[in-house]
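Below is one structure; the comments refer to it alone.
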Amino acid sequence: MSNDSNAVPGTEAAVFNQEGTVKTWDDDYYHPIAIKYYDAAIPQMLKEMGLSSGDRVLDAGCGPGVHSIRAAAYGCKVTAMDLSSTMLRHAASRAKAASLEDRIEFRQGDLTKPDLGEQFGAVFSWGVVIHVPDTEAALDGLASLVAPGGRLTLQVMNDRSFDYRFEKLLRKLLRRPFAELVETKLGSGNWYQLGDERLWVLRFNMGALDKAMKSRGFSLVSRRPAEFSEFQRRLPGALRRPVLHLNTLIYRLRILTGLSATQMIFYSRDA
Ligand SMILES: C[S@@+](CC[C@H](N)C(=O)[O-])C[C@H]1O[C@@H](n2cnc3c(N)ncnc32)[C@H](O)[C@@H]1O
């Protein structure tokens, strides 16, 4: 089903192996206020997926392992999978620093052709499919990793968000269009420069994503805001605080999901 490829061979994986990418994401996302939010949101996500202490879960695209560690702290036995050896190295060292390495098994693998040799009753994938240029192949791969009757939770970006509408308006007013905008049947994609490499970011059309998951045998259970705004990344020091507090509030109140920059989407695989 991978007929929607925007891949530029040789470039799409390299960005995930740059040390600078880990540093950028740490700086952008792990402000103390955001950490507090993730410390609450990840266990809540696992609870909503029906997971209890001792259950297994796959973190598909674990990156530097921050959410794998939270899942392990919740009590899950975690398989943490990622394409990038750099990310896995950071994940393993952070798991060790948290004394949770015994509950996390690290596996290198490509979501577009997963070869873990097993399926999982619960899979979450936070901020990953948005970065895979061949979106259809990534969704195929994710779907194949979920056991019949299992649960899958995605955190993805939203093409109808307040952030994206605002950015588009601003770019129009300033006559600074996106350099590499690619409209696909699943959403609106852009290539961004990150260090020496390019990073693909797809903002999903949520209706199209639900349809794509339905065609793969998944039903929508629920959705809620993840981060209302990501503008905090572009703000200096203290100005980030109000945006991060607003994000926490909107997440807690479960409001403005349709306008949120990112959504958490809970699916279940048909039995
Ligand atoms: C934005 S990071 C998110 C990491 C982590 N889930 C988090 O929230 O901190 C995206 C991750 O997806 C991984 N990734 C990208 N393409 C992948 C693929 N085809 N298969 C597996 N992992 C992939 C990258 O290496 C990177 O670690």
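Residues in the sequence shown are numbered consecutively from 34, following our numbering.
Here a beta-carbon is modelled for each residue, glycine too, at the ideal position from N, C-alpha and C.
>> Is it buried or exposed, R236, if we count other Cβ atoms within 10 angstroms and call 16 or more buried?
In response: When all chains shown are included, R236 counts as buried.
> How about A124 and A113: are their beta carbons less than 8 Å apart?
Replying inline: yes
> How many angstroms separate the CA atom of M78 from the CA atom of G160?
Replying inline: 14 Å
>> If you follow the beta strand (DSSP E) that N223 is in, where does it begin and where does it stop?
In response: 220 to 227
> Looking at C-alpha atoms only, which residue of L133, I298, A304, H278 is the closest neighbour of P65?
Replying inline: H278
> Is E263 near D167, with beta carbons less than 8 Å apart?
Replying inline: no
> Is the beta carbon of V305 sitting closer than 8 Å to the one on L227?
Replying inline: Residue 305 lies beyond the range of the chain shown here (34 to 304); nothing can be said about it.
> What's the gap between the Cα of L116 and the Cα of E200?
Replying inline: 30 Å
>> Between which residues of its own chain and Y300 is the CB-CB distance below 8 Å, once the five residues before and five after are set aside?
In response: R184, L185, T186, L187, M246, F251, S252, L253, V254
>> In the DSSP output, what is Y300 paired with across the bridge?
In response: L185, L253
>> Assuming contact is defined by CB atoms lying nearer than 8 Å, are S194 and L292 in contact in what I supplied?
In response: yes
>> Looking at the secondary structure, which residues open and close the beta strand (DSSP E) in which G154 lies?
In response: 153 to 159
> In chain order, which continuous runs of the alpha helix (DSSP H) of length 4 or greater are located wholly inside the segment 97 to 172?
Replying inline: 99 to 107, 118 to 130
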